[in-house]
Amino acid sequence: GLSRYNDDSGTTADYIVVEMAKHLLGENWMPDYVKRANDGGIERVLV
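Letter 29 of the sequence shown, counting from 1, is numbered 16 in the working numbering, and no numbers are missing.
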């Protein structure tokens, strides 16, 4: 994907779902997701 342009553009690209999660849920979306899943909320997280 877009990561092949990292050196030329001085940017980094991630999977689109990761970029969307960062934009919609904030930079800390992954730790928040893991915390909620570990707190017994995996059913809610998946829905």
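The C-beta atom is built at its ideal place from N, Cα and C for all residues, glycine as well.
Contact check, residue i vs residue j, beta carbons under 8 Å
i: residue 24; j: residue 16; result: no
Rounded separation between residue i and residue j - CA only
i: residue -10; j: residue 5; result: 14 Å
i: residue 3; j: residue 10; result: 10 Å
i: residue -4; j: residue -12; result: 14 Å
i: residue 22; j: residue 12; result: 14 Å
i: residue 26; j: residue 14; result: 20 Å
Residue i - DSSP class collapsed to helix/strand/coil
i: residue 25; result: helix
i: residue 8; result: helix
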